[in-house]
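All remarks here apply to the structure that follows.
Residue numbers (the working numbering): 631 to 818.
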């Protein structure tokens with residue numbers, strides 16, 4: 631569900647930034663996606679990796695889900711704000727909010743994604759790990775196929791274009807509820 635939420639918003643980002651009140655050019659969008667990649671690399675390499683020695687995957691799953699809920703909900707607010715005709719000062723504020731919410735959502739995904747794989751691996755019978763990890767990766771692949779189509783469809787369902795962001799935040803809220811009903815996998 632978390633991968634579906636992330637894949638749901640990814641293709642709508644360029645739609646959001648090139649149209650409406652934001653009006654970024656293709657080269658500006660390139661920089662925006664480079665920023666997303668930079669934040670992802672920094673979060674996984676600079677935060678997750680050193681903290682993984684001291685923080686459990688279960689905690690990363692919780693924190694990552696929570697960050698993604700906040701980031702996607704914030705992107706929904708940015709999308710609704712971008713619908714308005716923005717003054718120069720409002721445009722800068724909206725762009726700052728966009729960059730901040732992207733950083734929050736992407737950091738959440740950077741925490742959640744490797745933690746999910748680790749928890750699936752550690753919570754599985756060693757004789758079936760390959761099989762179960764394969765099923766998990768297949769579900770992730772299906773989410774990456776369905777997410778963009780669903781996200782674009784949701785984006786155009788309303789004039790505010792908040793659909794993919796609200797849907798993603800709701801999916802992650804469900805992930806948090808599921809996490810609250812599960813027990814952490816003990817360390818091996």
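Cβ coordinates follow ideal geometry from the N, Cα and C atoms, glycine included.
Among the options, nearest to residue i - alpha-carbon criterion
i, options, result
"residue 688", "782, 750, 759, 769", "750"
"residue 648", "640, 639, 698, 659", "659"
"residue 700", "663, 748, 720, 732", "732"
"residue 632", "802, 806, 811, 807", "802"
"residue 665", "706, 769, 734, 709", "734"
"residue 789", "639, 710, 668, 655", "710"
"residue 707", "667, 812, 641, 724", "724"
"residue 712", "654, 674, 775, 686", "654"
"residue 714", "679, 652, 656, 681", "652"
"residue 676", "719, 740, 686, 662", "740"
"residue 729", "634, 800, 784, 663", "663"
"residue 752", "681, 686, 635, 674", "686"
Segment limits, alpha helix (DSSP H) that includes residue i
i, result
"residue 646", "632–648"
"residue 790", "No alpha helix (DSSP H) contains residue 790, which DSSP labels as neither H nor E."
"residue 727", "718–752"
"residue 812", "Taken as a continuous stretch (DSSP letters only), residue 812 belongs to no alpha helix (DSSP H), as it is neither H nor E."
"residue 761", "759–785"
"residue 707", "687–712"
"residue 665", "656–671"
Rounded straight-line distance, which links the Cα of residue j to that of residue i
i, j, result
"residue 797", "residue 809", "18 Å"
"residue 763", "residue 743", "13 Å"
"residue 698", "residue 721", "24 Å"
"residue 736", "residue 669", "7 Å"
"residue 747", "residue 766", "8 Å"
"residue 818", "residue 642", "Its pLDDT being 48, under 50, residue 818 is placed unreliably by the model, and the measurement read from it follows with that caveat. Between residue 818 and residue 642, the C-alpha separation is close to 40 Å."
"residue 657", "residue 756", "48 Å"
"residue 804", "residue 758", "27 Å"
"residue 800", "residue 812", "19 Å"
Cβ-Cβ separation, residue j to residue i (assumed contact under 8 Å), whole Å
i, j, result
"residue 738", "residue 637", "The pair is not a contact, with the Cβ atoms about 14 Å apart (cut-off 8 Å)."
"residue 671", "residue 745", "17 Å between Cβ atoms; not a contact."
"residue 727", "residue 704", "7 Å"
"residue 702", "residue 639", "6 Å"
"residue 793", "residue 787", "5 Å"
"residue 785", "residue 645", "6 Å"
"residue 779", "residue 634", "Not confirmed; about 11 Å, so no contact."
Cutoff 8 Å: residue i Cβ touching any chain B Cβ
i, result
"residue 744", "Included in the structure is just one protein chain, with no chain B present."
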